[in-house]
Amino acid sequence: MKRKTLNRRQFFTGIMSGISLVAFSPLNRVLAAPVYQPDEEPPIATEIRQNLEAVLADKNMALDLRYYDNTANEHWRIQINAFSFFPVASCFKAFEALYYFLNTPRDLWQADDGSALYSAVVHSANVAAGRVLTDVAERNPAVGNPIERFNDFLRIDVGMWGGLFSWDWEGSPTVGFTDPRYEPNEFRRVWVDGEPYLIRNVFTAADLARGMDFINRGEIFTQFDRFREAARATKALLSIPAPTYRSPIERVWPSGYMGKDGILPATDVATGRVVNDVGIVRIEGGEYLIAFMSAGENEQTAIAMLESIFEQIEFHQSMLA
């Protein structure tokens, strides 16, 4: 049975994640990505999924892998532990960029090298990330503190389960702000080697994939020029490589990457080392969205897992030829 793809009309008629109250635009609505409704998993996707499940077995890792053709239609999706919580580290800064562009008048955009937004996204500067959150909160018409307002954007507009409980890096203007809705609890635990951990800022791989899809395909399918402009600006920023650093995906596949990684050393989080990356990889014939999360695994193991993922992508590419 041939897999149905999502066309432009289906994108718009898919379930919307919510309404975005953008103060500077009278349109005030942004459509989310379409709901994925597979009729039947294609045999090639089944083979790839089984191969990756074998490699991920017994590892503290999660994956959401999606393939889009050159017309931005999604053909298949592979999710392994994709709804389990993991420490998000800096991956959320990709969505902070869209949040900034949607809630900042165009003539006030500051996204060049040296700006807080550029530092937060390209250089992953934590204090700068806090500055962006407090700066946008002054213009965002939502209620609550800067953390709560950003989480409302993620939850209502983008459709994520994850959010920030706090962002208390020394020197950040967000120190002291919390969102009680995302306080670590039994429901939001991170499991590593069978042990539960209460971690402040947790997301799922499905969350990260949802957000990246919202940015990437939202530009194509949205009917609102203001959102399209914000999505394009976000994608441009996420495509800038750091001058002296490569993300985990870039280390395995150095060209055609757009995304944001998140790394935490074992000394900074109770789960042990965190290696995350979410991005779009453009290859002839389409695009692959990769949302990868891990906790308590060493970096070599994480990179080896990404190498296995790209071996499967190359296998899929060979079948498209």
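For reference, each letter of the sequence shown is one residue, going 32 to 352 in the working numbering. Think of the CB as a built atom: it goes at the ideal place given N, C-alpha and C, for glycine as much as any other residue.
Candidates the options: closest to residue i by CA position
i: residue 193; options: 176, 206, 211; result: 211
i: residue 237; options: 113, 205, 98; result: 113
i: residue 425; options: 235, 216, 234; result: Any question about residue 425 goes unanswered here, given that the chain covers just 32 to 352.
i: residue 157; options: 132, 121, 185; result: 121
i: residue 301; options: 328, 257, 243, 310; result: 328
i: residue 182; options: 200, 208, 203, 204; result: 208
i: residue 350; options: 83, 242, 214, 76; result: 76
i: residue 140; options: 347, 287, 260, 197; result: 260
Span of the beta strand (DSSP E), counted from its first residue to its last, around residue i
i: residue 131; result: Careful: residue 131 lies outside any beta strand (DSSP E), inside the alpha helix (DSSP H) at 124 to 133.
i: residue 110; result: 105 to 111
For residue i, the first and last residue of its enclosing alpha helix (DSSP H)
i: residue 157; result: 157 to 168
i: residue 213; result: Element bounds for residue 213: n/a, residue is neither H nor E.
i: residue 266; result: 256 to 269
i: residue 244; result: 236 to 247
i: residue 186; result: Segment: none, residue 186 is in no alpha helix (DSSP H) and carries neither H nor E.
i: residue 349; result: 330 to 351
Contacting residues, own chain, Cβ-Cβ under 8 Å from residue i (five flanking each side not counted)
i: residue 246; result: 125, 126, 129, 262, 265, 266, 269
i: residue 333; result: 92, 279, 306, 323, 325
Pair within 8 Å by beta-carbon distance, residue i and residue j
i: residue 303; j: residue 206; result: no
i: residue 339; j: residue 86; result: yes
i: residue 116; j: residue 233; result: yes
i: residue 118; j: residue 161; result: no
i: residue 195; j: residue 123; result: yes
i: residue 310; j: residue 243; result: yes
i: residue 97; j: residue 319; result: yes
Neighbour flag for residue i against chain B, beta carbons, 8 Å
i: residue 127; result: The structure shown has no chain B; it contains just one protein chain.
Own chain partners of residue i with C-beta closer than 7 Å, once the 5 adjacent residues on each side are dropped
i: residue 342; result: none
i: residue 330; result: 304, 306
i: residue 33; result: Note that residue 33 scores 37 on pLDDT, short of 50, meaning its location in the model is unreliable; the coordinates nonetheless yield the value given after this. Taken in chain order, the list of residues that qualify is empty.
i: residue 150; result: 156, 159
i: residue 297; result: 303, 304
Cutoff 6 Å; reference residue i; Cβ partners in own chain excluding five residues on either side
i: residue 180; result: 168, 171, 173
i: residue 95; result: 110, 113, 236, 237, 240, 322
heavy atom of the ligand HEM below 7 Å from residue i C-beta
i: residue 334; result: Annotation note on the ligand HEM: not contained in the displayed structure, which lists no ligands.
Would you call the segment 269 to 279 and the segment 164 to 177 touching, i.e. three or more CB-CB distances under 8 Å? no
Cβ pair count under 8 Å reaching 3, the segment 282 to 298 against the segment 101 to 110: no
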